[in-house]
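In this note's numbering, the protein residues as written are 329 to 730.
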């Protein structure tokens, strides 16, 4: 299986640093959803938070999106790859396959992994991981979105492991009763089944008409199915309960000034949608990481109504990975406040949680967060996954809201 080469719509660039690997494919090699009462899960029932941030989970492997179900928090872990089918990655180092992706449950009794053995791709040190990117649980049934970050045909290439076809799909099943919200040992069910092959839809339909590339990263439960943001495909799709997929919206590539190390002349920048959440007006609101060169202030939040072209809701944000509505206000997670190209070599980015103002005067709720990614709400608190590019070092942090 050969992974796609780092590129920007036909132009190849040396970016340096595993942090940028996924983002440069027009997907997210680095980290990626959104949570709200009507987004990634129900509001939880947690006590009032302390005055400052509190760590509620630690030791996570590249944690991404997260969501609540009846007061219990679930977080998708992209895993740490493994030792199978190692091959040159898009930035020169090797990447290897494994079944280290997982879902962790966080409740009053602490944290435990309730799903394990899910597909994962990463560098030998567990960095630059691609794997489980988002999770939704309802009434004991789970849906897990698994990323890909490549042309879907790579899953069936010679040398690909037997579980490679699970990459780029929406998986589902039922959690064992003993791994439920009241504690006890985590035990697997009969194994996840493929609800829908999101990446196959990209290969067949290619909604944006550009390079075939799929990396589904954002998931939200909707009536009769789910909404999925495909960062690689630059689109948002609907998956119904029977697995049928329909494109809801495509997000435009636009021309932007190049970084200083490239010749003058605007270059194309992918949209890279990362999360879609339902707003109080019934429309979908979609976050945007952007592709290379990841400019500071270059991210847009889009408003999407079925049957209509996306419209701009807010601008002036940077590398947004997740959104959530609370109390009629929209919140956004910025992965890298200064833009991904400004992140020093070998260091994770520093990001923030913002309260979004459609007029552009966004309010900082919490900053200096280490590689923040996913967002969920419970009571008077926001829950954010941090160190989303850290093998065995990821956390979930509870942040008090005014």
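A virtual CB, placed ideally from N, CA and C, is assigned to each residue, including glycine. Nothing here was measured: the structure is a model prediction, and the numbers come from that model.
Inset, instruction - With a threshold of 16 other CB atoms inside 10 Å of the CB of residue 589, please say whether the residue is buried or exposed. - result: When all chains shown are included, residue 589 counts as exposed.
Could you check what DSSP says for residue 673 in three-state terms: helix, strand or coil? Under the three-state reduction of DSSP, residue 673 is assigned to coil, being neither helix nor strand.
message = Taking 7 Å as the limit between beta carbons, can you name the residues of its chain near residue 528, skipping five residues before and five after?
response = Contacts found: 480.
Inter-residue spacing [alpha-carbon to alpha-carbon] between residue 574 and residue 565: Their backbone Cα atoms lie some 6 Å apart in a straight line.
Practice item. Note the first and the last residue of the continuous alpha helix (DSSP H) segment covering residue 484. Key: Going by DSSP, residue 484 is part of no alpha helix (DSSP H) at all; its letter is neither H nor E.
Residue range of the beta strand (DSSP E) that residue 440 falls in?
-> Where residue 440 is concerned, the enclosing beta strand (DSSP E) stretches over 438-450.
Q: Return helix, strand or coil for residue 708, following the three-state DSSP convention.
A: Correct three-state label for residue 708: coil.
Can you tell me the Cα-Cα spacing of residue 695 and residue 414, whole angstroms?
The straight-line gap separating the alpha-carbon atoms of residue 695 and residue 414 is approximately 37 Å.
Problem set entry | Which listed residue (407, 393, 690, 461) has its alpha carbon closest to that of residue 713 | It is 393.
(request) Could you check what DSSP says for residue 668 in three-state terms: helix, strand or coil? (result) DSSP places residue 668 in helix when its eight states are reduced to three.
Can you give me the Cβ contacts of residue 449 inside the same chain, cut-off strictly under 6 Å, excluding the 5 residues immediately before and after it? Short of 6 Å from the beta carbon of residue 449, and not among the five residues preceding or following it, lie these beta carbons of its own chain, in chain order: 409, 423, 425, 458.
| task | Using the DSSP secondary-structure output, state which residues sit across from residue 543 in a beta bridge. | result | Residue pairing from DSSP leaves residue 543 without any beta-bridge partner.
**OP:** Answer with buried or exposed for residue 386, where buried requires no fewer than 16 other C-beta atoms within 10 angstroms of its C-beta.
**Re:** Taking every protein chain shown into account, the CB of residue 386 has fewer than 16 other CB atoms within 10 angstroms, so this residue is exposed.
Nonlocal neighbours in the same chain, by C-beta distance under 6 Å from residue 489, ignoring five residues either side:
Setting aside the 5 residues that flank it on each side, residue 489 is surrounded in the same chain by 412, 413, 425, each with a C-beta closer than 6 Å to its C-beta; the list follows chain order.
Residue 569 versus 689, 556, 702, 638, residue with shortest Cα-Cα distance
With distances taken between Cα atoms, residue 569 lies closest to 556.
| Would you call the CB atoms of residue 577 and residue 643 closer than 8 Å? | Not closer than 8 Å, so no.
Item checked: Whole-Å CB distance - residue 649 paired with residue 680, under 8 Å assumed -> That belief does not hold up - the Cβ atoms of residue 649 and residue 680 are roughly 11 Å apart, past 8 Å.
Own chain residues within Cβ distance below 6 Å of residue 445, not counting five before or after: Close CB contacts of residue 445 within its chain, under the 6 Å cut and outside five residues either way in sequence, are with 427 (chain order).
(Q) According to DSSP, is residue 731 part of a helix, a strand, or is it coil? (A) Nothing in the structure corresponds to residue 731, since the chain is present only between 329 and 730.
Would residue 551 be called buried (16 or more neighbouring beta carbons within 10 Å of its own) or exposed? Sixteen is the threshold: since fewer than 16 other Cβ atoms of the shown chains lie within 10 Å of the Cβ of residue 551, the residue is exposed.
Report task. Please confirm whether residue 722 and residue 390 have their CB atoms less than 8 Å apart. Result -> With respect to the 8 Å criterion, residue 722 and residue 390 are classified as neighbours on the basis of their beta carbons.
In whole angstroms, give me the CA-to-CA distance for residue 438 and residue 399.
Between residue 438 and residue 399, the C-alpha separation is close to 13 Å.
Fill in: Length-filtered (3 minimum) beta strand (DSSP E) runs lying within the stretch 391-440
Qualifying beta strand (DSSP E) stretches, in chain order: 391-397, 400-405, 412-416, 422-435.
Review point. At what residues does the beta strand (DSSP E) containing residue 461 begin and finish?
Key: Where residue 461 is concerned, the enclosing beta strand (DSSP E) stretches over 460-466.
Can the beta-carbon of residue 700 be found less than 8 Å from the beta-carbon of residue 671? No; because the gap between Cβ atoms is not below 8 Å, this pair is not in contact.
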